[in-house]
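Data first, discussion second: the structure below is written as structure tokens.
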Amino acid sequence: MQNHHTKVDYLFAGAGASATLLLMCMEKQGLLKDKKILILDPDTKQNNDKTYCFWSDQNEQLTLQCQHLISHQWDEVSVNRNQQESLLPKKYFHITGIDVYKELRRIIDQHHLQRIQSSVIELTPIENGIKVVTDTDTWVSSLVFDSRPPKYLPLKNDDAHLLQSFIGYVIATDNPNSNVNCVDLMDFNVEQLGATQFMYVLPLGEGKTLVELTRFGLEPITQKEANPILDSYINQRFGNYQILHTEIGCIPMSTAAIVVETLPGVIPIGGRAGAVKPSTGYAFKNMFHHAERLAESLKKNLKPAVITESSRFRYYDRLLLLILTKQPSQGKSIFEALFKKNETKNVLQFLDEKSTLLQDIRIFLTLPMKPFLKAVGWVASSRIQKSITPIILLLLSMLLLIIYKTSPQIFNWIQIAMFTVGLFLVGIPHGAVDHLLETENLNSRIKPKFVISYLGLAFLNLILWVFFPIGALLFFIGYSAWHFGQTDLREWQPKNINALKNGAWGILILSIILLGHVVETNSILENMNTIKIPIHNILGKQISVLLALVGITWAIFEKRWMMFISSLMLLVSIELPLITSFGLYFIGQHSMNGWSHLKQGMKVTNTSLYLKALPFTIGALFLFVAFIFLLSNNYFSSFNENIITIFFVFISCISFPHVMAMNNFYKKNK
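Read in the numbering used here, the sequence shown has 582 at position 298, and its numbers run on one by one without any break.
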């Protein structure tokens, strides 16, 4: 690979519709003059591989600015070939992919932009911009507009991820048998094949028609499935025909969160920015409006505009996609009722997310209620289940506090029992499958190289504790804070997760726990021959309470309910002993969340994952016993036989290789 490190002002990772629309809007704002602009895409974009459609008022900026790209337009639509309805003053517009690519070439030629057929491999922030590594060169750009396909976070229990796949023919026929001014948006008079399927028909004039079979389903439709359905439908409706062009595509319809680039100077556009509406797959209008606002913000040197989401309409999308996932047979009746019992203009306004709540209610009252009530139940149940663990932890911490204040002896036995059981049920098991994380295959065999490396890192940590305990302590606190923050924020998904937020939350957690128990913490630190916290117990508790309130405020700002409950649990645990406070967080929250992420990422059950972890959990138990013996031996007289001290040293030694393994796992499962 050559490393030219050539500097450009703007770099486009992708040369599709979103990049073209943004360049059009930048051209209008005069932002292409005297700029070095590079466009990278592995495809030459020479084929008519896509069709873009949208509805819009004839006087909207979208229509006016894209007028020269529009190949066809229609005033009327119908569903199930029923009565045709007028869209005026709106129209339904059609743009071919090849015309979008021609427009891109025009802009490139007119403004002397550079275009290279290449794939973007890596984006890295550097001092003077973003380093862009491709399969042929390395570039540096002040801004990168990234329209590569989006990456989605693992599905939550109330998420749905479907595919809108389609196979269509542009046909020539002597008997069009269609109003050339009317689009058939959906014709459900076809086999459903366990999904939601319909025909989409666009009369193109001059005896040409686009007839497309569309599927909303978990699996994309295949040509083997589509061809007989298309052939039967076309023969029945149009008679003899000739295929002029075949169109095949697939659009994700997902409520899963898109992985957002947090690199300064990298601006996602298109599907990567969330332009695709989950319940319909339409994106062109969103891409244009985002391009408009982006160009305006660049012109005024403002923070780049982003595509904002309506929580209300995302909830509607979630309900529909869950129905289409779990009860695909209901899709046909829902869409038929939507268009039959509501004016098409109102439906399109609803799909544009411009309707009022009252209008939404009126529309929902026309739809089959049973599947939507079920979907509401699925979402509510999922969210309750998601919140049940932190709620139980909060209630448990409050119950333990009552027992601790009223009967310390009983509490002590409960504390030991809970901590021991929790540690070997989930605390150690969540780190006992690290050998599987590289392949994410449950049947992977453990490699001797992995064992040597893992134990080697743990042993180096132990040596650091023996000869440089202060450094070992600071190192332990540093990587623990990072790991705790990374796992918690991965679970809660606040906006713009980054390394700074991970570290800040982790430090907040450890500070609340340690400063809230200064006497016990200093006792352990003294046994470790390290530094002590130079404040008295009352001040430590006051600072800890203040930090817990910071966590509560942060949770409210992020609008994250579970983060809020976690902060309350930490606030309550300040009045409990140190080992209980740490155990509630480490086992009840951190380990449980980490275990859940492993199960989701590896797509396995709790039982199968636990059975894989069991031998290593037992091994950790023996290793812990060996630690007690080793650190109680005269050779390591700097440590006494304080079991809690030995426990923390043990945890620190096995944690470092685990933190590294989980960090790689999270990177692979962004």
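Every residue, glycine too, gets a C-beta built ideally from N, C-alpha and C.
Check: Report yes or no: do three or more beta-carbon pairs, one from the region 390-406 and one from the region 310-329, lie closer than 8 Å?; Outcome: yes
Check: Between which two residues does the beta strand (DSSP E) harbouring I451 extend?; Outcome: H445 to A456
Check: Give every residue of the same chain whose Cβ lies closer than 7 Å to the Cβ of G565, excluding the five residues on either side of it in the sequence, and list them in chain order.; Outcome: Q448, I535 and M537
Check: For my contact list, E576 and Q342 are in at a C-beta cut-off of 8 Å; report their separation, rounded to the angstrom.; Outcome: 18 Å between Cβ atoms; not a contact.
Check: Mark I712 as exposed unless 16 or more other C-beta atoms lie within 10 angstroms of its C-beta, in which case mark it buried.; Outcome: buried
Check: Once the 5 residues before and after F932 are set aside, which same chain residues still bring their CB inside 7 Å of it?; Outcome: I808
Check: Helix, strand or coil for E531? Go by DSSP, reduced to three states.; Outcome: strand
Check: So, is P674 buried or exposed, given that buried needs 16 or more other C-beta atoms within 10 angstroms?; Outcome: buried
Check: Can you give me the start and stop residues for the alpha helix (DSSP H) that S595 sits inside?; Outcome: S595 to K610
Check: Going along the chain, which residues of its own chain have a beta-carbon closer than 7 Å to the beta-carbon of L845, five neighbours each way excluded?; Outcome: The residue you asked about is not Leu; residue 845 is Trp in the sequence shown. If we look at W845 and ignore the five residues flanking it on each side, its Cβ neighbours are S671.
Check: Is N806 buried or exposed, if buried means 16 or more other CB atoms sit within 10 Å of its CB?; Outcome: buried
Check: How should I410 be labelled, buried or exposed, when 16 other C-beta atoms within 10 angstroms of its C-beta is the threshold for buried?; Outcome: exposed
Check: Looking at the structure shown, is T999 part of a helix, part of a strand, or coil, going by DSSP?; Outcome: Not covered by the structure: residue 999. The range shown for the chain is 285 to 954.
Check: Out of W358, G381 and K625, state which residue places its alpha-carbon closest to the alpha-carbon of T328.; Outcome: G381
Check: Going residue by residue through the region 367-394, where are the continuous beta strand (DSSP E) segments of at least 3 residues, counting only ones entirely within it?; Outcome: 374-380
Check: Contact between the region 935-953 and the region 758-775 is defined here as three or more beta-carbon pairs at a separation below 8 Å; is this criterion met?; Outcome: yes
Check: In or out: M946 buried (at least 16 other Cβ within 10 Å) or exposed?; Outcome: buried
Check: Is S431 closer than 7 Å to A579 when the C-beta atoms are compared?; Outcome: no
Check: Among M682, T539 and T546, which residue has its Cα nearest to the Cα of F597?; Outcome: T539
Check: Tell me the rounded alpha-carbon separation between F429 and A541.; Outcome: 20 Å
Check: Is there contact between the region 614-628 and the region 682-693, where contact requires at least three CB pairs shorter than 8 Å?; Outcome: no
Check: Out of curiosity, what's the CA-to-CA distance linking Q611 and L677?; Outcome: 35 Å
Check: Contact between the region 551-560 and the region 296-314: three or more CB pairs below 8 Å?; Outcome: yes
Check: Between F743 and D718, what straight-line distance do the alpha-carbon atoms span, to the nearest angstrom?; Outcome: 17 Å
Check: Here's a check: name, in chain order, each residue in its chain whose Cβ is nearer than 6 Å to the Cβ of S857, leaving out the five neighbours to either side.; Outcome: S681, S865 and L868
Check: Per the DSSP calculation, E360 is bridged to which residue(s)?; Outcome: S370 and C466
Check: Can you name, in chain order, every residue of its own chain whose Cβ lies under 7 Å from the Cβ of I687, other than the five neighbours on each side?; Outcome: I694, F695 and I698
Check: Would the beta-carbon of A479 fall within 7 Å of that of G452?; Outcome: no
Check: Quick check: what's the CA-CA separation for G413 versus G549?; Outcome: 7 Å
Check: First and last residue of the beta strand (DSSP E) that includes I321?; Outcome: I321 to D325
Check: Hey, could you find the ends of the alpha helix (DSSP H) T771 is sitting in?; Outcome: P753 to W776
Check: What are the boundary residues of the alpha helix (DSSP H) that includes I808?; Outcome: V802 to N811
Check: Using only alpha-carbon positions, find the residue among A716, L469, H395 and P438 that is nearest to K375.; Outcome: L469
Check: According to DSSP, simplified to helix, strand and coil, what is G478?; Outcome: coil
Check: Note the first and the last residue of the continuous alpha helix (DSSP H) segment covering T889.; Outcome: Neither: T889 is in no alpha helix (DSSP H) and is coded neither H nor E.
Check: Hey, would you say T457 sits closer than 7 Å to Y525, going by beta carbons?; Outcome: yes
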